[in-house]
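Have a look at the structure below before the remarks.
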């Protein structure tokens, strides 16, 4: 987000702590992030992350 507007939505393709590839980083630690199709980071940008899950919906029969 930049100035309250979303500038890109994409998947994280790399996460690094120092020079090591990692799966997660502790709160407060510095890290490097690569996002698919985006390189235009600016000072003050706000990054928001979420997990998108798919679930199969099933219809249940009500007892008669």
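Residue numbers (this note's numbering): 86 to 149.
C-beta: ideal position from N, C-alpha, C; glycine also.
Which whole-angstrom value describes the C-beta separation of residue i and residue j, a residue pair presumed to lie in contact below a C-beta threshold of 8 Å?
i          : j           : result
residue 95 : residue 122 : 5 Å
Secondary structure at residue i, three-state DSSP: helix, strand or coil?
i           : result
residue 104 : coil
residue 90  : strand
residue 99  : strand
Name the two residues that bound the continuous beta strand (DSSP E) containing residue i.
i           : result
residue 117 : 117 to 120
If you check the beta carbons only, do residue i and residue j fall under 7 Å apart?
i           : j           : result
residue 136 : residue 120 : no
residue 101 : residue 117 : yes
residue 86  : residue 131 : yes
Let me check one thing: in DSSP terms, what residues is residue i bridge-paired to?
i           : result
residue 123 : 120
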